[in-house]
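Chemist: Residue numbers (my numbering): 96 to 263. All C-beta atoms, glycine included, are put in the ideal place defined by N, C-alpha and C. Got a structure here, written out as structure tokens. Questions coming.
Quick look at the structure:
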């Protein structure tokens, strides 16, 4: 993945998102907008590059473009459906302070919350996770959110700090 520490790259990607969604960022739903920005700027572009790289040379460009658009739509839809779980995870992480928060995969709700945090924040380097194997395909996930990086990204998007988004 390209680093979003490159401010020009980040600005270009955010401009693309604003062109795609003229209501972005929606300050009435800041956490949804933050999630959309993270997924758009990090995951969508990395997945699109992978798709392009794996396309066969003889494949029509229109087919690749159609697959890219489907990938973008699917990825954004998946992320937006996970916003309630992401919010729950962020609230738990805020309560944990600067340390890690644990989630047990044997509990379906905890597993969903951990999945949202991992797929959105860990995959985009706004959090880290360590995993403990509990046996029998059960795991405990320990997630640590990088609050300064997440708040800095929110500010770049034009959104308030995450604590403010959560009503703290």
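#1: Go through its chain and collect everything with a Cβ distance to residue 244's Cβ below 6 Å, but skip five positions before and after it.
#2: Is the beta carbon of residue 200 less than 9 Å from the beta carbon of residue 235?
#3: Which one of 210, 211, 230, 239 has the shortest CA to CA distance from residue 224?
#4: Give the range of the beta strand (DSSP E) segment to which residue 192 is assigned.
#5: DSSP three-state label for residue 121, please.
#6: Can you tell me which of the three DSSP states residue 198 falls into?
#7: Starting from the Cα of residue 111, find the closest Cα among 122, 134, 123 and give me that residue.
#8: Alpha carbon to alpha carbon, what distance is there between residue 230 and residue 128?
#9: Is the beta carbon of residue 180 closer than 9 Å to that of residue 197?
#10: Is residue 263 helix, strand or coil by DSSP?
#11: May I ask you to report which of helix, strand or coil DSSP gives residue 185?
#12: Spell out the partners DSSP gives residue 235 in its beta bridges.
#13: Cβ atoms of residue 261 and residue 186: under 9 Å apart, would you say?
#14: Just to confirm before moving on: does the CB-CB distance between residue 251 and residue 102 stay below 9 Å?
#15: Checking 9 Å against the spacing of the C-beta atoms, do residue 258 and residue 189 come in under that value?
#16: In the DSSP assignment, find the unbroken alpha helix (DSSP H) run with residue 252 in it and report its ends.
#17: By how many angstroms is the C-alpha of residue 217 removed from the C-alpha of residue 195?
Modeler: Taking the coordinates as given:
#1: Counted from its first residue, the chain shown places residue 244 at position 149. Closer than 6 Å at Cβ, skipping near neighbours: 221.
#2: As a position in the chain shown, residue 200 is number 105, starting the count at 1. As a position in the chain shown, residue 235 is number 140, starting the count at 1. Yes, Cβ-Cβ distance for residue 200 and residue 235 is below 9 Å.
#3: Residue numbering aside, residue 224 sits at position 129 when the chain shown is read from its first letter. Closest option to residue 224, Cα to Cα, is 239.
#4: One-based indexing of the chain shown puts residue 192 at position 97. Premise fails: residue 192 is in no beta strand (DSSP E) and is neither H nor E.
#5: Residue numbering aside, residue 121 sits at position 26 when the chain shown is read from its first letter. DSSP places residue 121 in coil when its eight states are reduced to three.
#6: Counting from one through the chain shown, the residue named residue 198 turns up at place 103. If DSSP states are grouped into helix, strand and coil, residue 198 belongs with the strands.
#7: As a first step, residue 111 must be located in the chain shown, where it is residue number 16. Closest by alpha carbon: 134.
#8: As a first step, residue 128 is located in the chain shown; it is residue number 33 there, counting from the start. As a first step, residue 230 is located in the chain shown; it is residue number 135 there, counting from the start. A straight-line Cα-Cα distance of about 37 Å links residue 128 and residue 230.
#9: Position 102 of the chain shown, counted from the start, is the residue given in the question as residue 197. Position 85 of the chain shown, counted from the start, is the residue given in the question as residue 180. Taking 9 Å as the Cβ cut-off, residue 197 and residue 180 do not qualify as a contacting pair.
#10: Working through the chain shown from its first residue, we reach residue 263 at position 168. The answer is coil: DSSP assigns residue 263 none of H, G, I, E or B.
#11: Position 90 of the chain shown, counted from the start, is the residue given in the question as residue 185. In this structure, residue 185 counts as helix in the three-state DSSP scheme.
#12: The sequence position of residue 235 within the chain shown is 140, counting from 1. BP columns for residue 235 point to 199, 227.
#13: Position 91 of the chain shown, counted from the start, is the residue given in the question as residue 186. Position 166 of the chain shown, counted from the start, is the residue given in the question as residue 261. Contact: yes.
#14: Along the chain shown, read from residue 1 onward, the residue named residue 251 stands at position 156. Along the chain shown, read from residue 1 onward, the residue named residue 102 stands at position 7. Yes; because the gap between Cβ atoms is below 9 Å, this pair is in contact.
#15: As a first step, residue 258 is located in the chain shown; it is residue number 163 there, counting from the start. As a first step, residue 189 is located in the chain shown; it is residue number 94 there, counting from the start. Contact: yes.
#16: By 1-based counting over the chain shown, the position of residue 252 is 157. Residues 242 to 252.
#17: For this step, residue 195 is matched to residue 100 along the chain shown. For this step, residue 217 is matched to residue 122 along the chain shown. Distance between the alpha carbons of residue 195 and residue 217: 13 Å.
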